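The structure under discussion appears below in the form of structure tokens.
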Amino acid sequence: MDTAQQILDLIEPFVREGKILPRTYSQINDNINDFVFLRNFDQLVACAGLKDCKEGEMGEIYALAVSKDVQNQGFSAKLLDEIMQKARISNFSKIFALSKHNAQWFLKQGFVQMEIGELPKKRQALFNHQRNSSIFFKDV
């Protein structure tokens, strides 16, 4: 099974729960270079995309997921380390994420909750107010 399919399989339970926006295989595969992921015994157990907003040296974290089989085992912290490393390599000054369900985790990891006006203008235009997501920023 290829990596894009493994990512799709990993995020699927969270999509069903409404915690992650649905994505197609093509969307993931076409943007596979956005992703960082962790494996445990050759099984993909954590992933996150980090895309360039092309505005203000900011990157957006998306499709962040840690398999329920390995939660509370340090994989989320390791995944954030990988995201931060990718952000530094990409010369981002800040990263941000939109989340409905994981506010405490983001705050615990040093993110700060912000308002929509802090997002890059193009991202503000795409913001879905009906999802009622919180916005979290972190300096790189």
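The working numbering applies: residue 1 is where the sequence shown begins, and numbers increase by one.
For glycine and all other residues, C-beta sits at the position ideal for the given N, C-alpha and C.
As the structure is a computational prediction, the values presented were derived from the model and not from experiment.
| Query | Result |
| --- | --- |
| If Ala103 sits next to Leu50, beta carbons under 8 Å apart, how far is it from one beta carbon to the other, in whole angstroms? | About 20 Å; that fails the 8 Å criterion. |
| Evaluate contact between the stretch 35 to 48 and the stretch 112 to 124, counting only Cβ atoms and requiring at least three cross-stretch pairs below 8 Å. | no |
| What number of angstroms, rounded off, separates the C-alpha of Ala77 from the C-alpha of Glu57? | 23 Å |
| Would Lys94 be called buried (16 or more neighbouring beta carbons within 10 Å of its own) or exposed? | buried |
| List the endpoints of the continuous beta strand (DSSP E) containing Asp52. | 43 to 52 |
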